[in-house]
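Quick note on numbering: the working numbering labels position 614 of the sequence shown as 626, and the sequence is numbered without any gaps. All residues carry an ideal CB built from backbone N, CA and C; glycine is no exception.
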Amino acid sequence: MTDADTQPRERAPLGRAAVERLQLWLVLAVLVVLPWLISPGRTQPDTKIDLTLSPWRYLGRSLDAWNTHAGLGELQNQAYGYLFPMGPIFGVCRSLDVPAWATQRVWWTVLLVVSFLGAQQLLRRLGVAGAVPALVGGAAYALAPRMLTVLPVISVEAWPMALAPWLVIAVLPLVRRELPRAELIRALSLAGVLTAALGGVNATASGIVLALPFAFLLTHPIGRRRLLPWLGAVLLGALWWLLPLLVLGKYAYPFLDYIETSSITTAVTSVPNVLRGADDWIAYILDSADHPVWQGGWVLAQSVTAILATGLVAAIGCWGLLRQRGHLGRWTLLCAVGATLFMVLGHGGTVGSPLSETVRGLLDGSLAPLRNIHKADPVLRLPLVIGFTAVLQRVTVSRRERDRFVPVLLALSVALAATPIWQGRVGASDAYGAIPTQWTQVAHEIDRAAKESGGSTMLLPNSRTPTYTWGSTTDEPLSALATSSVVTREAAPLGIPGSTRILDVADELAASGESQPSLAAGLARLGITRVVLRRDLATSVKAQPWRKVQQTLSRSPGFRVAATYGTGRSALTVYDVTVASDTGASLYGATPVTVAGGPESLFDLYTAGLLSAQQWMRLDPRPSGDAAVVTDTMPWRAYNNGVPTAFAYGPVLTRGDDTPTHIGAKDLLPAGDPAQQPAREWIGWSGLAVSSSAADPFAQHYLGVHDGPASAFDGDVTTAWLAGDHEATASLTGVLPGREVSTLRLHLAGRKQHATLPSHVRVQVGDRSISIAVRGRTELTLPVPATRAGTVSVQLTAPPDAVDPVLGIVELRVDGTKLGSVIDVPQQVDLTHQALLLHRLPEDGATITRQVHITASGSMPATVWLRSSGGSVSASCGAAGEITVRATDGKTQRIPLRLKDSGPAAEGELVEATTCKARWSSRARNEPVSRPSAAVISIAGKPGLTPQLATFGTRPTVSAAERAVTSVSGDSGERVVRIGAGAPGVVALSEGFNAGWHATAGSGRSLQPVEVDGWRQGFRVTSKDADTITLRFIPTTPQRLGLLGGGLVAIALLLTFLAAAYVCRRTGHTSTSRMTALSANDGAIKPSLAERAVIRPRRAMPGPGSGAVGAAAAVLVGFLAAGPAGLIAGLVVAAVPVRWLRHTAGGAMVAAAIALAFFGVVDAQSTGAVAGQLLGTVTLSALARAGCVFGGAPSAAPDAPAATPTPTRAAR
């Protein structure tokens, strides 16, 4: 043989290495370009707008535990997590004047490249695939459904997924039996560095991906010995974001109770959805305009092409996983089955998990940080990519003719699964080109005003999401543009709940379009000295109408237009709040005005003159308490924080209704105890239930609080109970104890109420029933055989051709029985030294009616404020309306009302009236004083006058402060307040009450904390001399120490890694993760060994007793995932011969995808969802069985001779 013959063979390895490098760079080039093709030139609503507008300022604020930039103060919610790596990337780009949209693409490029290289390297180092299959596998991971779902909207959650493969690469050396000390240190320090790099923006997402390396070590006998050192390294790396998280956990307000619930997050996590990666609940949501909230995620979740393609990729991945043996098989199958079970156990439905209710209860309780279970997707996705790539490797090297085009088809399936990319729908449709100029102008204006007069700025109308006509920004742009404090109503109430209640009421008052005499004073008390009226909110956010807000501000005292920027619908108007306020701190007298009610009663107290700017309020809701003012505010009702305030509340409920105790329906604190809150009491009924209600804020068809069940008995034909879930059969069932019933009279809801007239009505009284055809009638008289009622049930059936029926009852009457309801105020009130304040609730009709408990006899004056519809009003006795008092003995008193002034009254003007008599008797003359008397008070106005507010009894006499605040200085973590000499009192900040605040007097003595106004931080000042008070937010210190100490530890880990890597290089230990024999020149797996490790056909080699264990695992997992139906699926899998197991798993997943694509994916009761769940459970059970059957089977010998394997029959 000549030199010419041998030369090409000697150069072949170098040529192959160069080709592989070229292939790698080509794929990288594609991944680098892809982000720049997503809506170029437009900024997506990704993560935090502060990072694109003012990153360095935002990162600076993240060092503080307390955020004063939010206006009313709140705990920073993991903002420190942006310190690395996302924040610095955005900061550097901003410093280089890179456009905001381009900065986002830089960050997205980093995400895709890091995730791709990590997966590609892991596949090579595990010996799973050769060069080209590893490239396809890396792309499949980088473009996985979860990555494309969150990339344009909350990309920071994709970062832990991007680092997940690298975390596994770091522990590869730890499973080697012989490991030099330098390599051990290098591997452990690298694990710590990568853990530090995870960041702490979302600690749950960061922590969950650590399950991958943990399981890798746990499933290897040598790796288990090194678990503790690895855990120690991980803990050290996580210190910088873990320590501040502990501070947050201790001092944060309970906002998790008011955001998404487990029933929402688990609604879409069926087995097939989880396996294919479409498990994020937000991807399934449409806004009020029927536009996807997350467009790319919606395409992956519901597009037929995407469902089929992602299902196919998942099926191939499962097929490949079932070919794995030994440690690799144990690890991948444990992660795949474990992560899938974690995400599906909370999923209910027809064939849901039997543990779903228990799991959801835990996720809403002690496991609330894990509520968004879709964050476990990387733990499943990486094993599936390994399985997919293993199959691709097999067919790539196969010499069979039928496998010739399979690699291309598999690569094509990866491309098809990235449906949003080639459809051009990855990014949000409401991305924006630039922030309108007027927003920057307003930011400069309010910053200037804040420097001159202090205080914060409030945005009106409120909006849960900042979606504008010009685009969506995720966060309010004004907050990012301004350096001064901006008060906004965020979707997640991160501040103290009491302040959020006040903001919601302020928004309602501002949107009334009427004069609000106390609105400006109430805002000033919050430290708000400016209001910005925005007109450019998108209609989809369902914010209050801006025109109404403009009318209110122009008609109400205390507001003055400062400037307007922009024109038309894009104009922004800045209003000054002219009411005097102490913007930094306030000083009050030592004695508070105690109030039974919610902090939002502030506005009514101001209107009624029961509270002044010099007095402070303390809440005392105890029924037997001695509050100076008893109110009917903060009633017992369900609350949906996920919708605007106007649609968030249901009607007042009975105390026996536990709906507001459920997570997601809880009212904002301090609500939570029905014994201390106003609640509904039925009249005539001892209990009442309906199938659904259009007054329920969680109903499919929410209409308003007037459409609750109480409207069927209120004697008002303009209101009705309407069903809220479009059910074909709606029912109302009540209990009438000891009543004899012979006739029922029904007024059915029909066209007038925009409802569906039923075709049939069935009434059951006790054990008797009657059913009649409606035949177009709305009023029915139903005679029933006279019987003692007990239970009375009315069932309405919609016509068979009705689409989305809305059934209901306008009025239901039972002859001889009075039916109705009244709102009961539980606190006892002595009107000789207490005041009673009643206000209009949204569900009140023309009359305000309350039941109150009076504890002393006597006569007290009353004052009523009424809203005028316009025109002239008279001050004659009775011309304003009357108050009716009905005592328990049946005696009724009617007290006429007289307006204070007569003459013209503007539309919406609030006019004041008093009783014509100076006094009215609050108790029957001979009733014992020692026993509380329940009296029903009704307040009615004459036509054109609607009662809004009423006070009874004695006004509180509380002295105001006799000293003043002379100056306030400091930053977010510390305040210095200087006060003048005078009587002892209370100093209060315009920021939330929190256990983290600590105050000391000039002498160094600690001051006693006190909650002011139901939400503000205050401290008692006992000294009479002028003093300097220092207030510190103590948690800021441990947070900064944690960040500093943890950061230094992370740097030490990095230096240790570099030093260990240098030692390893000097000593010849250059491979940090050698699992298989690598070529000397470029680290590529030798093809012959890759084929031997991955492709060589293996017969099933179950370990001793593994068959029975595998069968039991299949049945158990099937039952856990889908209940009894899943148990049957598990039994089927247990009966399948081992050699057909992978075909069963892959085929079932493909069939599940077809069922979802063509027969329904969203509705858990649909044919597609049910069939898909069962078929997906077959796949999952097969994976569980394989983990027991093949997990103990030996892998291919790593030192096998490099010979080309010959395909055998078993391989086929």
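Report yes if the C-beta distance between residue i and residue j is below 7 Å; otherwise report no.
{"i": "A522", "j": "T579", "result": "no"}
{"i": "A1137", "j": "V407", "result": "no"}
{"i": "T277", "j": "R383", "result": "yes"}
{"i": "L1153", "j": "A1198", "result": "yes"}
{"i": "F964", "j": "L843", "result": "yes"}
{"i": "L251", "j": "G1080", "result": "no"}
{"i": "C347", "j": "V391", "result": "yes"}
{"i": "S984", "j": "W68", "result": "no"}
{"i": "V125", "j": "L210", "result": "no"}
{"i": "P690", "j": "D644", "result": "yes"}
{"i": "V591", "j": "A518", "result": "no"}
{"i": "L84", "j": "V454", "result": "no"}
{"i": "A707", "j": "G720", "result": "yes"}
If I'm right that residue i touches residue j with Cβ under 8 Å, what's the distance once you round it to whole angstroms?
{"i": "L298", "j": "T431", "result": "Incorrect: roughly 18 Å between the Cβ atoms, too far for contact."}
{"i": "L394", "j": "Y600", "result": "Their Cβ separation, rounded to whole angstroms, is 59 Å, which puts L394 and Y600 out of contact at 8 Å."}
{"i": "G893", "j": "C928", "result": "Contact doesn't hold; Cβ gap of about 11 Å is too wide."}
{"i": "L95", "j": "L71", "result": "6 Å"}
{"i": "V753", "j": "V826", "result": "6 Å"}
{"i": "Y270", "j": "K678", "result": "7 Å"}
{"i": "A917", "j": "G953", "result": "Not a contact, Cβ separation roughly 12 Å."}
Would you kindly report the start and end of the unbroken beta strand (DSSP E) that includes residue i?
{"i": "S704", "result": "Run containing S704: none; DSSP gives neither H nor E here."}
{"i": "Q960", "result": "957 to 965"}
{"i": "D1039", "result": "1039 to 1045"}
{"i": "S743", "result": "741 to 760"}
{"i": "R774", "result": "772 to 777"}
{"i": "E1003", "result": "997 to 1004"}
{"i": "D588", "result": "584 to 589"}
Whose C-alpha, out of the options, is nearest the C-alpha of residue i?
{"i": "E739", "options": "A677, R780, H766, T809", "result": "T809"}
{"i": "A597", "options": "L196, D726, T978", "result": "T978"}
{"i": "L1192", "options": "V1173, T1156, F1171", "result": "T1156"}
{"i": "R987", "options": "Y70, S1002, A993", "result": "S1002"}
{"i": "W301", "options": "V553, V1144, V1024, T595", "result": "Note that residue 301 is Ala in the sequence shown here, rather than Trp. Nearest C-alpha to A301: V553."}
{"i": "L1132", "options": "L404, V1145, L357", "result": "L357"}
{"i": "T216", "options": "L324, Q307, A388, R372", "result": "A388"}
{"i": "G103", "options": "L65, E86, V426", "result": "L65"}
{"i": "W48", "options": "G1142, W120, L287", "result": "W120"}
{"i": "M355", "options": "P817, G289, S1178", "result": "G289"}
Measure the alpha-carbon distance for residue i versus residue j and round it to whole angstroms.
{"i": "V806", "j": "P709", "result": "23 Å"}
{"i": "L340", "j": "W171", "result": "25 Å"}
{"i": "W178", "j": "L206", "result": "8 Å"}
{"i": "A402", "j": "V1150", "result": "19 Å"}
{"i": "Q712", "j": "D632", "result": "37 Å"}
{"i": "N938", "j": "D638", "result": "Reliability of the predicted coordinates at N938 is poor, the pLDDT of 38 falling under 50, and the value obtained from them is presented with this limitation in mind. Using only the alpha carbons, I get a separation of about 25 Å."}
{"i": "W113", "j": "R54", "result": "6 Å"}
{"i": "P611", "j": "R342", "result": "57 Å"}
{"i": "P266", "j": "I695", "result": "36 Å"}
{"i": "L10", "j": "T1189", "result": "Residue 10 lies beyond the stretch modelled for the chain, which goes from 13 to 1224, so this question has no answer here."}
{"i": "H1010", "j": "A722", "result": "48 Å"}
{"i": "T958", "j": "T900", "result": "27 Å"}
{"i": "A742", "j": "L769", "result": "12 Å"}
{"i": "P799", "j": "I784", "result": "Correcting the residue identity first, residue 799 is Thr in this sequence and not Pro. Going by the C-alpha atoms only, they are around 19 Å apart."}
{"i": "P381", "j": "A82", "result": "23 Å"}
With residue i as the anchor, note down where its alpha helix (DSSP H) starts and where it stops.
{"i": "I50", "result": "No alpha helix (DSSP H) holds I50; DSSP gives it neither H nor E."}
{"i": "W68", "result": "67 to 73"}
{"i": "H851", "result": "Run containing H851: none in the alpha helix (DSSP H); it sits in the beta strand (DSSP E), 847 to 851."}
{"i": "W242", "result": "239 to 263"}
Would you please verify whether the beta carbon of residue i is less than 7 Å from any beta carbon of chain D?
{"i": "R763", "result": "Of the protein chains in this structure there is only one, and it is not chain D."}
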